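Numbering follows our numbering, in which position 292 of the sequence shown is assigned residue number 292; successive positions increment by one, without gaps. Here a beta-carbon is modelled for each residue, glycine too, at the ideal position from N, C-alpha and C. Model, not experiment: these values are computed from the prediction. To start, the structure under review is shown below, and the notes come after it.
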Amino acid sequence: MSTFGHRLKKIRKERKLTQKDLAEVLGLAQTTIANYEKNIRFPEQKNLNKIANYFDVSLDYLLARKKENKKCEHLKSVKKDIPLDKLSEDYLRTLLSGDKDIAREIIEEALIMDIPIEQIYLYVIEPALKKLGNLWYLNKVSIPQEHFCSFVTQQIMSAMTIGNNPNKKHRAVAVTVSGDLHEIGLKMVADLLELDGWYVYYLGTNSPTQSIIEAIKYTKAEVLLISATLPIYIDTVSNLVKVIRLSKGCENIKIVIGGQAFDDDPSLWKKIGADGYSTNAKEAVNMANKLVT
């Protein structure tokens, strides 16, 4: 899914221009172009017109309201040839080296090539983070390294634009259990649900049980998504499910559980009273849809 920044970078690189080259043509600072491409700043109307006229593209294309620019048709075939597993390896290796700018560039390049956000999540970011978790478990990466990689990934994901579907078909609340600060997997699920047409009330980490109950009632949610990363949180999840089930106004909520804490025992979700379980973001979306239909 493209944004103005991604489109600008795409056509600039196609013309083999540096940011400095484009800045000189438009009479702007190189840092201004850089901020445009990172979606940190948005151009004034006169500069937007300059950019469209210089590249001979429509404003609709620049503003990502039109899917393809005819001059970029050849990029469609490039997308099919990109090995996403290799991209995932490069992404993790770059993160572990501490180079957050190159890591961000890898994801931006994927977006420029019009690789869907869903595929970037499922085949680039998610495998990289699972491997990172395994390396941490084996003491091959330090806690500061793991925190750095996670933080940079959260920044990158936050910069991606998730399309707003005006016809929301279902509603969900998404939380991690109290004490669990690992929320990237949950954020992936929330984003993919949004892309699938859901309205997601994202509470993230450390939400008190009463706040979760209030959110379910307030949004009239049909599904509650709960994520837990470590086995020490299994009892917390179990208690949360029990309280939700006994709370007035939450009788019909469907509960989907996910996270590494449940991967060792695929039947554990049934024992604690949930309605479904998923091992990754895509499965969570499929399960949520199944439960409400």
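Pick from the options that is closest to residue i, judged by C-alpha positions
i	options	result
Arg171	Ser178, Ser150, Gly197	Gly197
Leu193	Glu283, Val57, Lys20, Lys270	Glu283
Val177	Pro231, Asp265, Arg245	Pro231
Phe4	Thr18, Leu17, Glu44	Glu44
Leu225	Ile106, Trp269, Met157	Trp269
Ser158	Asn47, Ile184, Lys169	Ile184
Gln155	Val200, Asn134, Leu26, Asp101	Asp101
Tyr206	Tyr199, Lys50, Val237, Ile255	The sequence given here places Asn at residue 206; Tyr does not occur at that position. Asn206 has its Cα closest to that of Val237, out of Tyr199, Lys50, Val237, Ile255.
Met160	Gly204, Ile40, Val285	Ile40
Leu87	Ala110, Pro266, Gly27	Ala110
Lys130	Val285, Thr279, Asn289	Thr279
Cys250	Leu203, Asp265, Lys217	Lys217
Asn289	Lys169, Gln210, Ile257	Lys169
Asn47	Gly27, Ala34, Leu138	Gly27
Glu126	Leu203, Met287, Gly259	Gly259
Asn252	Lys140, Leu17, Val223	Val223
Gln145	His182, Gly98, Leu138	Gly98
Chain-order list of residues whose beta-carbon lies under 8 Å from that of residue i (same chain, five-residue window excluded)
i	result
Leu95	Ala103, Ala128, Leu132, Phe148, Cys149, Val152, Thr153
Lys9	Glu37, Glu108, Ile112
Ile143	Trp136
Val78	Note that Val78 has pLDDT 39, beneath the 50 cutoff, so the model's placement of it is unreliable and no number is given.
Beta carbon of residue i nearer than 8 Å to that of residue j
i	j	result
Gln119	Leu84	yes
Lys254	Val292	yes
Thr209	Leu246	no
Thr229	Asp275	no
Ile213	Ile244	yes
Element boundaries [beta strand (DSSP E), containing residue i]
i	result
Thr236	Thr236 -> not in any beta strand (DSSP E); alpha helix (DSSP H) instead, spanning 234-246.
Ser278	276-278
Lys176	Note on identity: in this sequence residue 176 is Thr, with Lys being the wrong assignment. It spans 170-176 - the beta strand (DSSP E) in which Thr176 sits, taken as one unbroken run.
Ile40	First-last for Ile40: undefined, no H or E at that position.
Lys255	The question names Lys, but residue 255 is Ile in the sequence shown. Run containing Ile255: 254-258, per the beta strand (DSSP E) assignment.
Gly204	198-204
Limits of the alpha helix (DSSP H) - the one that residue i falls within
i	result
Ala159	143-159
Ser227	Where Ser227 is concerned, there is no enclosing alpha helix (DSSP H), although the beta strand (DSSP E) it sits in stretches over 223-227.
Gly185	184-195
Val285	281-292
Glu251	Neither: Glu251 is in no alpha helix (DSSP H) and is coded neither H nor E.
Tyr61	59-62
Leu129	126-137
Tyr218	209-219
Leu230	Leu230 -> no alpha helix (DSSP H), and no H or E assigned at all.
Leu87	84-96
Ile112	100-112
Same chain, Cβ closer than 6 Å to residue i, five either side skipped, listed in chain order
i	result
Ala52	Leu59, Leu62
Ile234	Ala261
Met188	Tyr121, Ala281
Ile11	Phe55
Leu186	Ala174, Thr176, Ser227
Arg15	none
Ala294	This structure cannot speak to residue 294, because the chain is shown only from 1 to 293.
Tyr123	Leu84
Glu73	Per-residue confidence for Glu73 stands at a pLDDT of 38, beneath the threshold of 50, marking its modelled position as unreliable; no derived number is given.
Gly273	Val241
Cut-off 7 Å between Cβ atoms - residues of its own chain near residue i, not counting five sequence neighbours on either side
i	result
Ala29	Ala23
Lys76	With a pLDDT of 40 at Lys76, under the threshold of 50, the modelled position of that residue is not reliable, and the figure given next carries that caveat. Closer than 7 Å at Cβ, skipping near neighbours: no residue.
Thr219	Arg171, Val173, Tyr201
Asn49	none
Ile106	Leu87, Asp90, Tyr91, Thr94
Lys20	Gln30
Thr18	none
Residue i beta carbon near the ligand SAH (any heavy atom closer than 7 Å)
i	result
Asp90	Within the structure as shown, the ligand SAH is missing, as the structure has no ligands at all.
### Query
Which ranges does the alpha helix (DSSP H) cover as unbroken runs of at least 4 residues, wholly within the segment 6-38, from first to last along the chain?
19-26, 30-37
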